[in-house]
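> Each residue of the sequence shown is one higher than the one before, starting from 309 at the first, in our numbering. Okay, handing you the structure first.
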Amino acid sequence: MIIKRGRRILLFLPLLLIIAALVPHGTYADTIYWTNTKDSNGHLIWTQPAYVPEGIVGDSLFVQDEQGEMKFSPMQSPKDLFIDDQDHIYVADTGNNRIVEFGSDGGWLRYITVPESPLNKPEGIFVAKDQTIYVADTGNKRVVHLDQEGKLLKEFTRPVSPLIPESFKFDPIKLIVDKRGFLYIATLGGYQGLLQLDQEGQFQSFYGANRTVFSPLDAFKRFFYTKEMYANEISKLPGSISSVAVDQEGFVYTTTVEQGASNQIKKLNIRGLDMLESKDTYTVRGTAGVFGEMRPEDFKYIPGEGMLTPRLIDLCIDSNGNITAIDATFRYINQYDASGNLLFFWAGPSSSTKTQLGLMKNPVAIDANSLNDLYVLDGQENTIQIFRLSEFGSKVNEANRLTLEGRYEESEKPWREVLRMNANFNTAMLGLGKAAYKSGDYQEAMALFKRGGNHKGFSEAFWQTRLIWFQKHFSLMASLILGVGIAALIGEKYSRHAGWRIRWNHRTRSDKPLLIRLKHIFYLLRHPIDGFSAIRYEAKGSYLLALIVLILVYVSLVMKSLYTGYTFNMIILHRFNLVTLLLQFALIWFGWVVSNYLVSSIYKGEGRFKDVFIGSAYALVPFILVGIPLSVLSNAMTNSEQAIYDFLLLSVYVWSGLLFFWMIQSLQNYSVGETFMNIVLSLAAFMTLAFIVLVTLGLSSDLKDFIYEVYQEVRLR
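Pasting the structure below:
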């Protein structure tokens, strides 16, 4: 019997091993949220949990009443959280006017109330290296400095200085202390920046103030309003700092809720300048200085409030330099590396009726311990949630730290382990690309950067590849060019009187109408006004040739989308659709032709529909002559030739735009002013026509749905 069971186990063992291999590494059954990152195009990528919810701290607090009995005393509206070098946890228990200290294991240690000068609604807490405690005692409008026992050492009230405006209100909410003992205090509504005080409480400066954000409407008002009108507008003030933190190297970090999705997190140098405004090559395009992540389902419009946006209200810096911030809008935890590039975001809103480990009702503060585990304070649950760093998260942190330190070769092994765990993890591809580039394997680096969607890294690797190719083939290329040049000179000298040259020079020119009209296109490019006039008055245009030009323009657009070099091509190829591009091009071009013809017919124009049709096609010839060669040439160009590429691309649009202008002027017999007016009216007519078409399509869709519902109702009855 025992032998039979052993055989069964041996038979099932290979099957169990296969199943174990197919299960993704690092998955956790106890996480009730998604963990995501983003690729270089900003698209969501699922990852294994980087952090897993471990437990809750602060749900069992008691105090001794007057009768000596232990009474349940939960935290009430806590506002801040700090973890010291010993991993002790301090909470500003605002509603109970006290500081609560927990041990590294989460067990309660003591309450700090400062009996000799009681706290009043404290909202900020900081513990220095010497274990002395600083509290932002908001209700008392002061900052208190306590010793290790919680006894008052010093209090800092509103400093006196002519540099501080009279309107400034000293309501401290968050604070840090640097290595010198200088205080950086965030005040409620303090748009001037952090208040910097020395050890004695003397005012030093305002530090890290935000810039005023002006909308396009504000710019319009400033341009058109008189000084009196603009003075009556509500003053535009920069956002006030909502939280502050400091890392092991002394850099100061701030969050600003009012900034919307832009510059909510700042890493300030000694001059108070933001070091995160420009990120490195990991950055998602167009997101420099932008923090706070959203998923597609988060894009919602609230009447009276507008679009929901992330509001990062607190942050912490772990030992790897990672920046982790909490979002009060979507209840996400967002983690970025030391350069501000997204690593992960996870969690979300908890149920309003029950506590869900890993999700939050009202996150208000966050900090990390020495193991880089995260502690998140929930101001509604009045508890702290612990998020332990997972194996996957640890691997990512280790590899990313090595990469940021420039130790690319050492980072290769952990990055490959990360990629083994999650083959779609974009940051791992970029890390391996940097390692391959550093080791001189430029072909591998190009492949990895392209796979990771990093155009800048791809360009740098391609530049090195191109340089090596030129160095290897320069002598052969130079010899060929020299040989061809000498052969051309010799051929030119000794073939001047050859019969075939004489016959070619005196050949009979073709009188076929199509060829004559084809030549006219090139004449038109050199003499646009005369060329377009000839279309109207000498019948030098052709519907067939115009259609051929339009087909070639479409080919040029396709080549620009599909065959432009990866360095300059920002199109996501797997989402590109040839039919969609054809419909867009055809509808826009034909809509312009109809709009311009109708406006010209009303506005003293002399051109026929045929003339506008043919002229509008010929005006697009620069897209063929420059656009197609540029698409091919771009495959041999790098970012160092970006200015050349941009100039040639811009020349296509400028040249074509001028041809459209001269076309209208010549065909309709307009002056310069009348031509400008015709273009403006044509664009307005085009927008009106587009609106009518969209409304008609929308109504047609609704009508179709109505007819189908009526049919279903009749059929079912």
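Beta carbons are placed, not taken as given, at the ideal position from N, Cα and C, and that holds for glycine. Note that this is a predicted model, so its numbers are computed, not measured.
Would you call the CB atoms of Ile481 and Leu505 closer than 8 Å?
Walking along the sequence shown from the start, residue 481 turns up at place 173. Walking along the sequence shown from the start, residue 505 turns up at place 197. Ile481 places its beta carbon 8 Å or farther from that of Leu505.
> In three-state terms, what does DSSP make of Ile1015?
Here residue 1015 corresponds to residue number 707 of the sequence shown, with the count starting at 1. Note: Ile1015 maps to helix in three-state DSSP.
> Keeping to the same chain, check which residues put their C-beta closer than 7 Å to that of Asn903; ignore five residues upstream and five downstream.
Counted from its first residue, the sequence shown places residue 903 at position 595. It is worth fixing the name first, because residue 903 is Ser in this sequence and not Asn. If we look at Ser903 and ignore the five residues flanking it on each side, its Cβ neighbours are Ser990, Ala993, Phe994 and Leu997.
> Can you find the residues in the same chain that come closer than 6 Å, C-beta to C-beta, to Thr691, ignoring five residues on each side of it along the sequence?
In the sequence shown, the residue the question calls residue 691 occupies position 383. Here the set comprises Ile364, Gly366 and Asp367.
> Would you give the residue range spanned by the alpha helix (DSSP H) that Asn904 belongs to?
Along the sequence shown, read from residue 1 onward, the residue named residue 904 stands at position 596. Residues Leu886 to Ile910.
> Verify whether the separation of the beta carbon atoms of Ile391 and Ala676 is less than 8 Å.
Here residue 391 refers to the residue found at position 83 when the sequence shown is read from its first residue. Here residue 676 refers to the residue found at position 368 when the sequence shown is read from its first residue. Result yes, Cβ atoms of Ile391 and Ala676 sit closer than 8 Å.
> Per DSSP, what kind of secondary structure is Pro430 in: helix, strand or coil?
By one-based count along the sequence shown, residue 430 stands at place 122. Coil.
> Work out the CA separation of Glu474 and Gly411 for me, nearest whole Å.
Taking the first residue of the sequence shown as 1, we reach residue 411 at position 103. Taking the first residue of the sequence shown as 1, we reach residue 474 at position 166. If you take the alpha carbons of Gly411 and Glu474, they lie about 43 Å apart.
> Please identify the residue among Ile837, Thr735 and Thr421 whose C-alpha is closest to the C-alpha of Asn344.
In the sequence shown, counting from the first residue as 1, residue 344 sits at position 36. Nearest C-alpha to Asn344: Thr735.
> Looking at Leu727 and Gly741, is the spacing between their C-beta atoms short of 8 Å?
In the sequence shown, residue 741 corresponds to position 433, counting from 1. In the sequence shown, residue 727 corresponds to position 419, counting from 1. No, these two residues do not count as a Cβ contact at 8 Å.
> How many angstroms separate the CA atom of Asp395 from the CA atom of Leu471?
Within the sequence shown, the letter at position 87 stands for residue 395. Within the sequence shown, the letter at position 163 stands for residue 471. In a straight line, the C-alpha of Asp395 is about 39 Å away from that of Leu471.
> Just curious, the alpha helix (DSSP H) that Gln512 is in, first and last residue?
In the sequence shown, counting from the first residue as 1, residue 512 sits at position 204. Segment Phe511 to Tyr515 is the beta strand (DSSP E) holding Gln512; no alpha helix (DSSP H) there.
> Quick one: grab the DSSP three-state call for Asn705.
Numbered from 1 along the sequence shown, position 397 holds the residue referred to as residue 705. The answer is helix: DSSP assigns Asn705 an H, G or I state.
> Assuming Ser767 is part of the alpha helix (DSSP H), what are its boundary residues?
Working through the sequence shown from its first residue, we reach residue 767 at position 459. Ser767 -> alpha helix (DSSP H) spans His763 to Tyr802.
> Excluding the 5 residues preceding and the 5 following Pro604 in the sequence, name in chain order all residues of the same chain whose CB lies nearer than 8 Å to its CB.
Here residue 604 corresponds to residue number 296 of the sequence shown, with the count starting at 1. Correct list, in chain order: Leu352.
> Give the secondary structure of Asp506 by DSSP, where H, G and I count as helix, E and B as strand, and everything else as coil.
As a working mapping, residue 506 is identified with position 198 in the sequence shown. Asp506 falls in the coil class under three-state DSSP.
> List the endpoints of the continuous alpha helix (DSSP H) containing Lys379.
Within the sequence shown, residue 379 is the residue found at index 71, counting from 1. Taken as a continuous stretch (DSSP letters only), Lys379 belongs to no alpha helix (DSSP H), being part of the beta strand (DSSP E) at Met378 to Phe380.
> Taking 8 Å as the threshold (C-beta atoms), are Leu545 and Tyr499 in contact?
Within the sequence shown, numbered from 1, the residue matching residue 499 stands at position 191. Within the sequence shown, numbered from 1, the residue matching residue 545 stands at position 237. Cβ atoms of Tyr499 and Leu545: closer than 8 Å.
> May I ask you to report which of helix, strand or coil DSSP gives Arg315?
Residue numbering aside, residue 315 sits at position 7 when the sequence shown is read from its first letter. Legend: pLDDT at Arg315 = 47, less than 50; position of this residue unreliable, value from coordinates given subsequently. Three-state DSSP puts Arg315 in a helix.
> Which runs of the alpha helix (DSSP H) fall wholly inside the segment 336-365 and span at least 4 residues, in chain order?
Counting only unbroken stretches of 4 or more residues, no alpha helix (DSSP H) element lies wholly within the segment 336-365.
> Using the beta-carbon count (16 or more within 10 Å), is Trp1026 buried or exposed?
Here the chain covers residues 309 to 1025 and nothing more, so residue 1026 does not appear.
> For the segment 646-723, which segments carrying the alpha helix (DSSP H) assignment without a break, of at least 4 residues, lie completely within its bounds, in sequence order?
699-712
> Cutting at 8 Å between CB atoms, please list the residues of its own chain near Asn986, excluding the five before and the five after it.
Within the sequence shown, residue 986 is the residue found at index 678, counting from 1. The beta carbon of Asn986 sits closer than 8 Å to those of Asn904, Val907, Ser908, Tyr911, Gly913, Ile972, Gln976 and Tyr978, all from its chain and outside the five residues before and after it, given in chain order.
> Tell me which residue opens and which closes the beta strand (DSSP E) that Val408 is part of.
If you number the sequence shown from 1, residue 408 lands on position 100. Segment Arg406 to Phe410, the beta strand (DSSP E) holding Val408.
> Along the beta strand (DSSP E) that carries Ser551, what are the first and last residues, could you check?
Here residue 551 refers to the residue found at position 243 when the sequence shown is read from its first residue. Start and end: Ser551 to Val554.
> If you check the beta carbons only, do Gly600 and Leu620 fall under 8 Å apart?
Here residue 600 corresponds to residue number 292 of the sequence shown, with the count starting at 1. Here residue 620 corresponds to residue number 312 of the sequence shown, with the count starting at 1. Contact flag set, yes.
> Can you tell me which of the three DSSP states Met878 falls into?
For the purposes of this step, residue 878 is identified with residue 570 of the sequence shown, where counting begins at 1. Note: Met878 maps to coil in three-state DSSP.
> Taking DSSP as the reference, what is the three-state secondary structure of Met985?
Position 677 of the sequence shown, counting from 1, holds the residue named residue 985. Met985: helix per DSSP, three-state reduction.
> In the DSSP output, what is Thr564 paired with across the bridge?
Residue mapping note: residue 564 aligns to position 256 of the sequence shown, counting from 1. Beta-bridge pairing links Thr564 to no other residue.
> Any idea if Ser850 is buried or exposed, counting beta-carbon neighbours within 10 angstroms, 16 or more meaning buried?
As a working mapping, residue 850 is identified with position 542 in the sequence shown. Looking at its Cβ environment, which holds 16 or more other Cβ atoms inside 10 Å, Ser850 is buried.
> For a quick check, are the C-beta atoms of Gly666 and Thr355 less than 8 Å apart?
Walking along the sequence shown from the start, residue 666 turns up at place 358. Walking along the sequence shown from the start, residue 355 turns up at place 47. It is not a contact, given that the beta carbons lie outside the stated cut-off.
> Where does Val331 fall in DSSP's three states?
As a first step, residue 331 must be located in the sequence shown, where it is residue number 23. For Val331, the predicted model reports a pLDDT of 41, less than 50, meaning its position is unreliable; a value from the coordinates is still stated below. Looking at Val331 - three-state DSSP - the assignment turns out to be coil, as it is neither helix nor strand.
> Alpha carbon to alpha carbon, how far is Glu768 from Phe955? Give it in angstroms, no decimals.
Counted from its first residue, the sequence shown places residue 955 at position 647. Counted from its first residue, the sequence shown places residue 768 at position 460. Distance between the alpha carbons of Phe955 and Glu768 is about 21 Å.
> Going straight from the alpha carbon of Val704 to that of Ala646, what length do you get?
Within the sequence shown, the letter at position 396 stands for residue 704. Within the sequence shown, the letter at position 338 stands for residue 646. Rounded to the nearest angstrom, the two C-alpha atoms are 13 Å apart.
> With DSSP run on the structure shown, which of helix, strand or coil describes Pro836?
Position 528 of the sequence shown holds residue 836. Of the three classes helix, strand and coil, the one that applies to Pro836 here is helix, per DSSP.
> Which two residues bound the contiguous beta strand (DSSP E) that contains Phe370?
As a first step, residue 370 must be located in the sequence shown, where it is residue number 62. Run containing Phe370: Phe370 to Gln372, per the beta strand (DSSP E) assignment.
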